[in-house]
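Trainee: For the sequence shown, UniProt numbering assigns the number 1 to the initial residue and increments by one for each residue that follows.
Just so you know, even glycine gets a beta-carbon here, dropped at the ideal spot from N, CA and C.
Pasting in a structure now, in structure tokens, and then I'll have a few things to ask.
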Amino acid sequence: MDCVMSENGQRPTLTLGFSPCPNDTFIFDALIHGRVDCGFSFREQLEDVETLNRMALSATLDVSKVSYHLLGHILKDYLLLRSGGALGRGCGPLVVARDGIDPGELAGKRIALPGQYTTAALLLRLFNPSLADFVYLPFHEIMGAVADGSVAAGVIIHESRFTYQGYGLKKVLDLGEWWEQETGHPIPLGGIAAKRSLGREALLSLERGLALSVEYAFAHPGAARPYIRAHSQEMSDEVCDAHISLYVNDFSRGLGPEGEDAVRLLLNRAAEAGIIPRWQEPLLIP
Numbered sequence: 001m002d003c004v005m006s007e008n009g010q011r012p013t014l015t016l017g018f019s020p021c022p023n024d025t026f027i028f029d030a031l032i033h034g035r036v037d038c039g040f041s042f043r044e045q046l047e048d049v050e051t052l053n054r055m056a057l058s059a060t061l062d063v064s065k066v067s068y069h070l071l072g073h074i075l076k077d078y079l080l081l082r083s084g085g086a087l088g089r090g091c092g093p094l095v096v097a098r099d100g101i102d103p104g105e106l107a108g109k110r111i112a113l114p115g116q117y118t119t120a121a122l123l124l125r126l127f128n129p130s131l132a133d134f135v136y137l138p139f140h141e142i143m144g145a146v147a148d149g150s151v152a153a154g155v156i157i158h159e160s161r162f163t164y165q166g167y168g169l170k171k172v173l174d175l176g177e178w179w180e181q182e183t184g185h186p187i188p189l190g191g192i193a194a195k196r197s198l199g200r201e202a203l204l205s206l207e208r209g210l211a212l213s214v215e216y217a218f219a220h221p222g223a224a225r226p227y228i229r230a231h232s233q234e235m236s237d238e239v240c241d242a243h244i245s246l247y248v249n250d251f252s253r254g255l256g257p258e259g260e261d262a263v264r265l266l267l268n269r270a271a272e273a274g275i276i277p278r279w280q281e282p283l284l285i286p
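Rendered as structure tokens:
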């Protein structure tokens with residue numbers, strides 16, 4: 001499965017960042033390990049989502065998974081690839097607390113967020129712009145901070161959706177569900193950003209290569225298992241599979257008109273709220 005090769009026959013190497021979460025390792029396994037070919041070699045860097053966001057702010061990587069919130073801050077240097085991301089229904093961040101409280105009671109309470117530039121942080125600010133007392137923690141530390149009373153509530157992402165009840169926590173609000181009811185659109189969580197300076201041909205090749213990698217993963221789900229498990233040893237197979245099932249779907253193959261509309265709406269709402277700057281650059285490869 002080929003996409004492109006350089007004129008001199010040598011394979012360029014690109015830096016590629018994504019998270020160690022099962023959905024990302026599932027998506028990128030075939031691309032990284034040469035099971036599909038788009039004419040590039042990759043030097044991957046696996047980091048948590050907020051680390052990747054901050055690396056993208058300084059334009060460190062050629063290609064990177066980023067939060068859609070962060071995308072609004074980097075469109076001068078990057079654009080969005082249509083494949084490889086996380087966007088869907090029923091997969092949004094959850095607000096959890098020790099006690100059953102009403103979402104309206106969050107005002108004035110200290111809330112833990114999994115990073116300043118995460119989509120989770122953006123959604124909470126869009127839900128209630130008056131909320132302002134935030135503490136930023138790595139996503140895997142949030143449930144413990146809520147459970148021990150360090151914070152009154154926390155916004156959880158990734159596999160925490162499947163494990164928060166084990167910490168004695170209760171769901172206060174499903175931010176993805178709120179977004180879907182508010183807009184009728186699926187929720188854009190994270191997408192793949194690539195440097196505009198790579199040029200249109202290379203960007204299209206990357207976009208196709210990512211789509212092929214997703215297709216390969218769906219067709220050969222066992223092939224990615226060793227790579228997934230190498231980066232998620234603390235998770236059971238059941239949690240890994242649930243994670244992949246929740247975050248990898250047809251939108252990961254390609255955004256399509258529905259996905260593109262959802263992304264534009266989220267960024268427009270963020271810009272109108274003054275959370276991200278307004279942009280002039282094309283969002284996607286023309």
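If we ignore side chains and look at the alpha-carbon of each, how far apart do histidine 69 and isoleucine 187 end up?
Mentor: Whole-angstrom Cα-Cα distance: 12 angstroms.
Trainee: Quick check: the stretch 222–242 against the stretch 8–25, are at least 3 beta-carbon pairs closer than 8 angstroms?
Mentor: Flag = yes, the stretch 8–25 and the stretch 222–242 touch.
Trainee: State the Cα-Cα distance for the pair proline 138 and alanine 147, rounded to the nearest angstrom.
Mentor: So the alpha carbons of these two residues sit roughly 15 angstroms apart.
Trainee: For leucine 173 versus valine 63, is the C-beta distance shorter than 7 angstroms?
Mentor: The answer is no: Cβ separation not under 7 angstroms.
Trainee: Since I believe leucine 255 is in contact with arginine 82 (beta carbons under 8 angstroms), could you give me their beta-carbon distance rounded to a whole number of angstroms?
Mentor: At roughly 5 angstroms, the Cβ-Cβ gap stays under 8 angstroms, so arginine 82 and leucine 255 are in contact.
Trainee: Contact between the stretch 24–34 and the stretch 226–233 is defined here as three or more beta-carbon pairs at a separation below 8 angstroms; is this criterion met?
Mentor: Verdict: yes, contact present.
Trainee: Along the chain, where does the alpha helix (DSSP H) that runs through leucine 52 open and close?
Mentor: Looking at the DSSP string, the run of the alpha helix (DSSP H) that includes leucine 52 is 49–57.
Trainee: Output yes if chain D places a C-beta closer than 7 angstroms to the C-beta of leucine 81; else output no.
Mentor: Protein chain content of the structure displayed is limited to a single chain, and chain D is not contained in it.
Trainee: Tell me whether leucine 126 is buried or exposed, calling it buried when 16 or more other Cβ atoms sit within 10 Å of its Cβ.
Mentor: That one is buried.
Trainee: Between which two residues does the alpha helix (DSSP H) harbouring glutamine 181 extend?
Mentor: Where glutamine 181 is concerned, the enclosing alpha helix (DSSP H) stretches over 175–183.
Trainee: Let me confirm a value: proline 129 is counted as buried when at least 16 other C-beta atoms fall within 10 Å, else exposed. Which label applies?
Mentor: It is exposed - the Cβ of proline 129 has fewer than 16 other Cβ atoms within 10 Å.
Trainee: Whether or not the stretch 205–219 and the stretch 36–45 are in contact is what I'm after, with contact meaning three or more pairs of Cβ atoms, one per stretch, closer than 8 angstroms; do they touch?
Mentor: These segments touch.
Trainee: With a Cβ-Cβ cutoff of 7 angstroms, do leucine 175 and isoleucine 285 count as a contact?
Mentor: No.
Trainee: Alpha carbon to alpha carbon, how far is leucine 106 from glycine 191?
Mentor: Near 29 angstroms, if we compare the C-alpha coordinates of glycine 191 and leucine 106.
Trainee: Could you round the C-beta distance between leucine 265 and histidine 185 to whole angstroms and report it? I think they count as a contact, below 8 angstroms.
Mentor: Yes, leucine 265 and histidine 185 are in contact; Cβ-Cβ is about 6 angstroms, under 8 angstroms.
Trainee: Is the distance from the Cβ of aspartate 48 to the Cβ of alanine 59 below 7 angstroms?
Mentor: Result no, Cβ atoms of aspartate 48 and alanine 59 do not sit closer than 7 angstroms.
Trainee: Going by beta carbon distance, what residues of the same chain come within less than 6 angstroms of glycine 259, once the five residues before and after it are set aside?
Mentor: Only Leu87 and Phe251 meet the Cβ criterion.
Trainee: Can you give the Cα-Cα distance for glycine 104 and leucine 131, rounded to whole angstroms?
Mentor: Between glycine 104 and leucine 131, the C-alpha separation is close to 10 angstroms.
Trainee: Between alanine 193 and proline 257, what straight-line distance do the alpha-carbon atoms span, to the nearest angstrom?
Mentor: Each residue's alpha carbon lies about 18 angstroms from the other.
Trainee: When the Cα atoms are used, what is the spatial distance from tyrosine 247 to glycine 84?
Mentor: C-alpha separation (whole angstroms): 11 angstroms.
Trainee: Short of 8 angstroms in beta carbon distance, which residues of its chain neighbour glycine 168, apart from the five on each side in sequence? Order them along the chain.
Mentor: Within the same chain, glycine 168 has close Cβ partners Arg98 and Ala147.
Trainee: What residue ranges within the stretch 76–108 form continuous beta strand (DSSP E) runs of no fewer than 3 residues, ordered along the chain?
Mentor: Those beta strand (DSSP E) runs which fall completely within the stretch 76–108 and span 3+ residues are 78–88 and 94–97.
Trainee: Here's a check: name, in chain order, each residue in its chain whose Cβ is nearer than 6 angstroms to the Cβ of isoleucine 32, leaving out the five neighbours to either side.
Mentor: Cβ neighbours of isoleucine 32 beyond the five flanking positions: Phe42 and Glu44.
Trainee: Where does the unbroken alpha helix (DSSP H) through tyrosine 247 begin, and where does it stop?
Mentor: Where tyrosine 247 is concerned, the enclosing alpha helix (DSSP H) stretches over 237–247.
Trainee: For glutamine 116, which residues of its own chain have a beta-carbon under 6 angstroms away from its beta-carbon, when the five flanking residues on both sides are left out?
Mentor: Tyr136.
Trainee: Mark alanine 121 as exposed unless 16 or more other C-beta atoms lie within 10 angstroms of its C-beta, in which case mark it buried.
Mentor: When all chains shown are included, alanine 121 counts as buried.
Trainee: Starting from glycine 190 and walking both ways along the beta strand (DSSP E), at which residues does that stretch end?
Mentor: First-last of the beta strand (DSSP E) with glycine 190: 187–195.
Trainee: Give me whichever residues DSSP pairs with threonine 13 in a beta bridge.
Mentor: Answer is Ser41, bridged to threonine 13.
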